[in-house]
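This report concerns only the one structure given below.
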């Protein structure tokens, strides 16, 4: 197993620790740090994979799965704590389920579908929104009465939907050509 894949697995391994700290009211800031570190490993594993030529089909599957697990767990925990509305979590998690299903179909046909740039933008927005909500709109509340954290979450949900539709359209054509 190469270093890039080990970093991805470390991201997955941080998820239970995030849950434990998130549920412990005294450790919410530690949970936030764990979430931020785990999210940051997404950039790191990609960098390592490209720099050291460690791009593998396993990595192409594990990396987006790790992202989806991290985001889904954070959203579910935030719904449980009434920090966000459940419908936003359903939209974001639903998109991830659909894209994962598409990737599974592609894998059965011998195709490994990598994330596209819209998916990367979506991930950055989701992470930013989750961090802002966990910080309860701090430091934005010092500057404005606007709930920037909520606006970021809405933006993340919108980009999530758009990126999912784009991913389906682009890759459906690829899968259809392959099956013909």
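Residue numbers (this note's numbering): 16 to 195.
Where is the CB? At the ideal position from N, CA and C, for every residue including glycine.
Taking the CB atoms as reference points, tell me whether residue 70 and residue 130 lie closer together than 9 Å. Stepping through the chain shown from its first residue, residue 70 is reached at position 55. Stepping through the chain shown from its first residue, residue 130 is reached at position 115. No, Cβ-Cβ distance for residue 70 and residue 130 is not below 9 Å.
Extent of the continuous alpha helix (DSSP H) run through residue 72: Residue mapping note: residue 72 aligns to position 57 of the chain shown, counting from 1. Run containing residue 72: 72-95, per the alpha helix (DSSP H) assignment.
For residue 63, which residues from the same chain have a beta carbon less than 7 Å from its beta carbon, with the 5 sequence-adjacent residues on both sides left out? On the chain shown, position 48 is the one that residue 63 refers to. Counting only Cβ-Cβ distances below 7 Å, and skipping sequence neighbours, we find 18, 19, 22 and 69.
Cβ neighbour criterion (16 or more within 10 Å) applied to residue 28: Reading the chain shown from its first residue, position 13 is the one you call residue 28. Looking at its Cβ environment, which holds fewer than 16 other Cβ atoms inside 10 Å, residue 28 is exposed.
If you reduce the DSSP assignment to three classes, tell me which class residue 162 lands in. For the purposes of this step, residue 162 is taken as residue 147 along the chain shown, with counting starting at 1. Of the three classes helix, strand and coil, the one that applies to residue 162 here is coil, per DSSP.
Along the chain, where does the alpha helix (DSSP H) containing residue 99 start, and where does it finish? For this step, residue 99 is matched to residue 84 along the chain shown. No alpha helix (DSSP H) holds residue 99; DSSP gives it neither H nor E.
Given a threshold of 16 other Cβ atoms within 10 Å of its Cβ, counted over all protein chains shown, does residue 182 qualify as buried or as exposed? Position 167 of the chain shown, counted from the first residue, corresponds to residue 182. Under a 10 Å Cβ-count criterion, residue 182 is classified as buried, with 16 or more other Cβ atoms of the shown protein chains found around its own Cβ.
Quick one: what does DSSP say residue 22 is sitting in, helix, strand or coil? If you number the chain shown from 1, residue 22 lands on position 7. Of the three classes helix, strand and coil, the one that applies to residue 22 here is helix, per DSSP.
I'd like to know if residue 25 contacts chain C, where contact means its C-beta is closer than 9 Å to some C-beta of that chain. Here there is only one protein chain, and chain C is not present.
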